[in-house]
Structures are given as C-alpha cells and as structure tokens.
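The working numbering puts the first residue of the sequence shown at 191, with every later residue one more than the last.
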Amino acid sequence: SDSFRKGTGLTAIEERTVLTDGKCIFPAQTDGFSVVNIFSLKEENV
C-alpha cells in the first residue's frame, strides 16, 4: 500500500510547521516516506 498512518511525532512536526506558516508534505515511496517542510522567509526591516 502507498499510504501510511501519521503517528504523534509526524503530527507534531506538521502542526509546528503550519503554525509558522509553512507547509508539510509526506511523499510516500516504495521503501517508506520522507518529510518535506516548506517555509517562506519574510524579510524584516530593523
């Protein structure tokens, strides 16, 4: 099967990523899956 169940650890990663305006993707592969976190960097003038 190409699907998997997210456990507590992966759910926590996803929640923290979303809270910081990022995206979390879990691409499934034949030998498992990987975790991809995408963030936008915002330039701040100080």
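Even for Gly, the Cβ is constructed at its ideal location relative to N, Cα and C.
Look at residue 225 here: in three-state DSSP terms it is coil, with no helix or strand label.
If you draw a straight line from the Cα of residue 212 to the Cα of residue 230, it comes to about 7 angstroms. Looking from the CA of residue 232, the closest CA among 210, 214, 215, 223 belongs to 210.
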